[in-house]
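What follows is a set of notes on a single structure, which appears directly below.
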Amino acid sequence: MEAKETLAMVKGQAEIWQQMFAFVDSMALKCAVEFRIADIIHSYGGPITLRQIADGIDSSSPDIPYLARIMRLLVRKNIFIEHHHSVDDGEETLYGLTEKSKWLLNDTELSLAPMAHGSEIWDFALKNPEFNNIFNNGMACTAKIVTRGILAEYKDGFGCLGSLVDVGGGTGGMIAEIVKAHPHIKGINFDLPHVVATAPLHEGVSHVGGDMFDTIPDGDAIFMKWVLHDWSDENCIKILKNCRKAIQQKIGKVIIVEVVLEKDSNDLFDETRMAFDLLMVAHSNGGKERTELEWKKLLEEAGFGRYKIIKIPTIPSIIEAYPD
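Taking the UniProt record's numbering, the leading residue of the sequence shown gets 1, the next gets one more, and so forth.
Right under this line is the structure:
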């Protein structure tokens, strides 16, 4: 009975996440209409490559990686369909129309394309303070959900630590919960000076101000939750190299809590993870959610040759990385 109740709770959580970020589907659909992606594919008479789509977009320099991330969600929603076939240097992906995307063609009498243009949620929030407060409070609550999953599924990972540095830890809420559950740990909350200046006191936690791009306080392990997805690959490598300097070579580790995107997965949280990725397109300069292969590349370039991924019953996973 307990297992069934737990599964029901996880399913409920997944559905709420999907509802919260349902607006991202509309944002992606708006991109497809404004870029006239359906028309571009239709003009070729069949499925085409991402480069061919990009070449048809009215822009001097369309960003293909961003376009790929938008198409990933639209394929997931069956707006477009992927076709894979072998080429000399591997596999090539082609994108074709579905019965849904045919309604986005501008040269048909039954087009629904004009209805896809509307107000974005950020514009709506700007004009509606009450909605804005509700939305922001909801975002703050997500941290509590993730914290519960981390403490339940990774308790053995904290057991051997004497000290733990939470990089980008804000006002220390996350590290405080970890120390509360594992009081033997000396917690260090590390963030920008103006952030920690207003942080409340937490038992067993000290606040340290600084810049993670310069240096990171020493500890047995470094903890980062939803930090690296804000940054480009280049900046992530800089941060991870500073993490490597802050831990011991043989026994140190970095604990990363981030989304790990999976292709062809039917996980309850997959659609929300894709929605998160498109939010990073809109609200960061180079930030993104990453696949395991992309995480592996970042970690290796930063000097972390070994890692393992631990799934928890919520949106992100735990990536435990060890230095070479």
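Ideal Cβ placement from N, Cα and C applies to all residues, glycine included.
Report yes if the C-beta distance between residue i and residue j is below 9 angstroms; otherwise report no.
i	j	result
Val254	Ile222	yes
Gly303	Asp233	no
Glu262	Arg290	no
Thr98	His84	no
Ile312	Tyr95	no
Gly159	Ile175	no
Gly172	Val205	yes
Leu192	Asp211	yes
Phe35	Asp58	yes
Relative to the C-alpha of residue i, which residue among the options is closest?
i	options	result
Val260	Ala32, Lys225, Val33	Lys225
Phe80	Leu104, Ser61, Glu92, Asn242	Leu104
Arg72	Lys296, Leu201, Glu271, Glu203	Glu271
His207	Thr215, Phe213, Ala197, Ser43	Ala197
His182	Ser163, Phe190, Asp191, Pro193	Ser163
Pro65	Lys238, Glu294, Tyr322	Glu294
Thr215	Gly252, Gly90, Phe190	Phe190
Ser317	Ser284, Lys4, Phe269, Gly12	Phe269
Leu67	Ile185, Gly305, Lys30, Thr314	Lys30
Phe276	Lys250, Ile150, Tyr307, Ile315	Ile315
Ala22	Val281, Met274, Glu292	Met274
Asp25	Ile251, Asn78, Ser284, Lys296	Asn78
Can you tell me whether DSSP reads residue i as helix, strand or coil?
i	result
His229	helix
Gly96	strand
Arg306	strand
Ala321	strand
Lys288	coil
Glu258	strand
Pro39	One point to set straight first is that residue 39 is Asp, not Pro, in the sequence displayed. Asp39 falls in the helix class under three-state DSSP.
Asp22	Looking at the sequence shown, residue 22 is not Asp but Ala. Coil at Ala22, not helix or strand.
Leu201	coil
Asn266	coil
Lys186	strand
Phe213	coil
Asp156	helix
Glu180	At residue 180 the sequence reads Lys, which differs from the Glu that was named. Three-state DSSP puts Lys180 in a helix.
Gly170	coil
Ser119	Because Ser119 sits at a pLDDT of 43, beneath the cut-off of 50, its placement in the model cannot be relied upon, and the following sentence gives the value as read from the coordinates. Three-state DSSP puts Ser119 in coil, outside helix and strand.
Quick check: what's the CA-CA separation for residue i versus residue j?
i	j	result
Ile310	Ile319	6 angstroms
Leu228	Asn106	39 angstroms
Gln18	Ile41	29 angstroms
residue 334	Ala38	An answer regarding residue 334 cannot be provided, because it is not within the stretch 1 to 324 covered by the chain.
Asp55	Thr49	10 angstroms
Met115	Ile256	Unreliable positioning characterises Met115 in this predicted model, as indicated by a pLDDT of 41, which lies under 50. The coordinate reading is nonetheless provided below. If I take the Cα positions, the gap works out to 41 angstroms.
Phe213	Ile239	6 angstroms
Gly169	Leu299	21 angstroms
Met139	Met27	With a pLDDT of 41 at Met139, under the threshold of 50, the modelled position of this residue cannot be trusted; read the value that follows with caution. Distance between the alpha carbons of Met139 and Met27 is about 19 angstroms.
Compute every distance between the C-beta of residue i and the non-hydrogen atoms of the ligand MN, then say whether any falls below 8 angstroms.
i	result
Thr314	Annotation note on the ligand MN: not contained in the displayed structure, which lists no ligands.
Next on the checklist: Any contact between the segment 235-250 and the segment 203-223? By contact I mean 3 or more CB pairs, one from each, below 8 angstroms.
Outcome noted: yes
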